[in-house]
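Notes to accompany the following structure.
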Amino acid sequence: MGNDRRAAQQAGRHCHKGSVFLLACMNSMRERRKIEKIHVLLISDDSTCLKQLTGFLQAQPGFRITVVLNREEARQTAKQHPDVILLNVSLIPPLYAGLDLAIKSQENFDDLVKEVLLIIVNAWEIIYEKWSVCFNYFDAVKLSEKYNIQKGIGVYSLHILIGEIIENNGRGRTDQIIDEFRKIINKSEVTTDDWRIGGKFSVFNSKAGFQLIADHIKNMRSLG
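Here the numbering used here is used: the first residue of the sequence shown is -15, the next is one more, and so on.
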């Protein structure tokens, strides 16, 4: 994140197999409107969304696609390239339900990719600042095995929240979406211990549970 730390999100055990890709932005994400290069690493599977995304990326100048065999290979690649942001395609639909349809339009593809990338990276910068203890700051891969925040429980729940904000604001309002997300996260009563493996959120490892966590992050629901 920024120039010296990057978000690394990995799907939890209940997410779809495969569908992992990496987006590496080669400049500071603090300058939100400047994205010059995007490198993509894909794990091949039968995801329709992934196939469409791969096809479009292959046709775009400035994109380099590398297919890996499994998540461990993706993880090793991320270690070798600290600027890479590791995400899971199966976790994007709740964030941006219109992605699958939107990428069918060639002329809108570049703007869509940049918009989604900007929202995701800036959102995880905000998440990091709020719950920094949940991340391995000094490691190339920031994933901490002690916390759920970068596993399916955390990523899916947080992306549901971002998706709700996008739906309420509409496309093309990136700054407004990011600012609203920041306000919600800053006001959230969720603690670092809530994200701990075995902590409050650990029992909500389902789609229904992810929505409950998202509501709890907004201080709209108590989980006891």
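By construction, the Cβ of each residue, glycine as well, lies at the ideal position given by its N, Cα and C atoms.
What are the boundary residues of the alpha helix (DSSP H) that includes residue i?
{"i": "F185", "result": "Taken as a continuous stretch (DSSP letters only), F185 belongs to no alpha helix (DSSP H), as it is neither H nor E."}
{"i": "I197", "result": "K191 to I201"}
{"i": "S141", "result": "G136 to N153"}
{"i": "I168", "result": "T158 to K171"}
Near residue i, what residues of its chain come up, given a Cβ to Cβ distance below 8 Å and the 5 sequence neighbours on each side ignored?
{"i": "I181", "result": "E129, K130, Y131 and N132"}
{"i": "V187", "result": "G193"}
{"i": "R205", "result": "L196 and D199"}
{"i": "N153", "result": "Q160, I161 and E164"}
{"i": "G156", "result": "E99"}
{"i": "S172", "result": "K114, I201, K202 and N203"}
Label residue i either buried or exposed according to how many other C-beta atoms from any shown protein chain fall within 10 Å of its C-beta, with 16 as the threshold for buried.
{"i": "Q134", "result": "buried"}
{"i": "D177", "result": "exposed"}
{"i": "N203", "result": "exposed"}
{"i": "G147", "result": "buried"}
{"i": "E109", "result": "buried"}
{"i": "S141", "result": "buried"}
Using the DSSP secondary-structure output, state which residues sit across from residue i in a beta bridge.
{"i": "F119", "result": "L127"}
So, at 6 Å on beta carbons, what are the nonlocal neighbours of residue i in its own chain, with the 5 sequence-adjacent residues on each side left out?
{"i": "R16", "result": "The predicted model places R16 with a pLDDT of 39, which falls under 50 and marks its position as unreliable, so this point remains unresolved."}
Please look up how many angstroms separate the CB atoms of residue i and residue j, rounded, as I've assumed it's under 8 Å.
{"i": "L127", "j": "A198", "result": "Not really, about 21 Å apart at Cβ, beyond 8 Å."}
{"i": "I169", "j": "K114", "result": "5 Å"}
Ignore the nearest five residues each way along the sequence and tell me which others in residue i's own chain have a CB closer than 7 Å to its CB.
{"i": "W179", "result": "W115, C118, Y131, N132, I133, G138 and F185"}
{"i": "R166", "result": "I110"}
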